[in-house]
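Going left to right, the sequence shown walks through residues 89 to 263 as my numbering numbers them. Glycine included, each C-beta is placed from N, C-alpha and C at the ideal position. First the structure, in the form of structure tokens, and then the observations on it.
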Amino acid sequence: MSAVRFILIQLLRFGLYAGVHVLLISRLVLFELGWCFLYLGFLLFLPLATPIVVQLLLAFAMGLTMDIFYDTGGLHAAAAVLLGFLRPWVLRLLTPRDGYDSGDAVNVHQMGWQWFGVYLTLLVLIHHTAFFLLELGSFLHFGITLGKILVSALFTGLALLIIQLLFYPVRRGRN
Numbered sequence: 089m090s091a092v093r094f095i096l097i098q099l100l101r102f103g104l105y106a107g108v109h110v111l112l113i114s115r116l117v118l119f120e121l122g123w124c125f126l127y128l129g130f131l132l133f134l135p136l137a138t139p140i141v142v143q144l145l146l147a148f149a150m151g152l153t154m155d156i157f158y159d160t161g162g163l164h165a166a167a168a169v170l171l172g173f174l175r176p177w178v179l180r181l182l183t184p185r186d187g188y189d190s191g192d193a194v195n196v197h198q199m200g201w202q203w204f205g206v207y208l209t210l211l212v213l214i215h216h217t218a219f220f221l222l223e224l225g226s227f228l229h230f231g232i233t234l235g236k237i238l239v240s241a242l243f244t245g246l247a248l249l250i251i252q253l254l255f256y257p258v259r260r261g262r263n
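The following block contains the structure:
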């Protein structure tokens with residue numbers, strides 16, 4: 089894939105995830121405890137071979153975009169950059185015995201349910217913990233914050249799993 093095509097595809101994905109999140113998903117709140125951070129799908133589903141510098145820049149751009157729309161003063165950017173920074177470490181932690189192939193992608197159909205579940209759970213929980221603790225600014229109401237982290241992580245994880253199942257292709261075995 090050429091560099092120009094890759095950049096155009098990533099820009100289109102960026103716009104879709106940000107647009108759908110801002111226009112539709114941000115209005116969904118579960119029991120005043122759970123919010124769906126759908127825009128994380130853009131960062132989590134980047135190709136495995138994406139360099140860390142590019143991941144950090146994209147994470148900052150996506151987080152800053154969310155901060156601009158929600159006037160959150162850098163909360164989204166800080167949590168998204170943390171996710172972008174830790175993603176390669178989690179990928180290394182979950183590396184299959186034979187390593188990743190050059191064509192591998194973060195795809196539940198390709199990598200399997202167990203790998204995808206651990207990957208998604210770890211990174212979404214890290215992001216949500218950082219976001220809600222930064223939002224709180226202290227440990228004064230930690231019980232409510234822990235509830236927000238868990239319910240939001242479950243909500244976001246399920247939404248991202250549904251996106252994977254609906255919109256990411258199933259790779260058939262080669263004959």
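Cα-Cα separation between residue i and residue j, rounded to whole angstroms
{"i": "L221", "j": "V178", "result": "21 Å"}
{"i": "Y188", "j": "L228", "result": "43 Å"}
{"i": "H164", "j": "L111", "result": "17 Å"}
{"i": "A193", "j": "T160", "result": "32 Å"}
{"i": "L118", "j": "L145", "result": "31 Å"}
{"i": "P135", "j": "G235", "result": "32 Å"}
{"i": "G231", "j": "L104", "result": "34 Å"}
{"i": "I97", "j": "F243", "result": "27 Å"}
{"i": "G162", "j": "L152", "result": "7 Å"}
Contact under 8 Å by Cβ, residue i with residue j
{"i": "V169", "j": "A147", "result": "yes"}
{"i": "L211", "j": "L171", "result": "yes"}
{"i": "M150", "j": "F133", "result": "no"}
{"i": "H215", "j": "L128", "result": "yes"}
{"i": "A247", "j": "C124", "result": "yes"}
{"i": "L126", "j": "H109", "result": "yes"}
{"i": "N195", "j": "Q252", "result": "yes"}
Assumed close pair residue i, residue j - CB separation to whole angstroms, cut-off 8 Å
{"i": "A106", "j": "A166", "result": "No, A106 and A166 are not in contact; Cβ-Cβ is about 17 Å, not under 8 Å."}
{"i": "P176", "j": "I140", "result": "5 Å"}
{"i": "L182", "j": "W203", "result": "6 Å"}
Sheet register partners of residue i (DSSP bridge)
{"i": "V117", "result": "W123"}
Exercise for review: Could you tell me which uninterrupted alpha helix (DSSP H) segments, each at least 4 residues in length, are contained entirely in the region 122 to 203, listed from first to last along the chain?
Suggested key: 128 to 132, 140 to 158, 163 to 181 and 196 to 199
Exercise for review: Please specify which runs of the alpha helix (DSSP H), each continuous and at least 4 residues long, are wholly inside the region 200 to 232, giving them in chain order.
Suggested key: List check, alpha helix (DSSP H) in window: 201 to 224.
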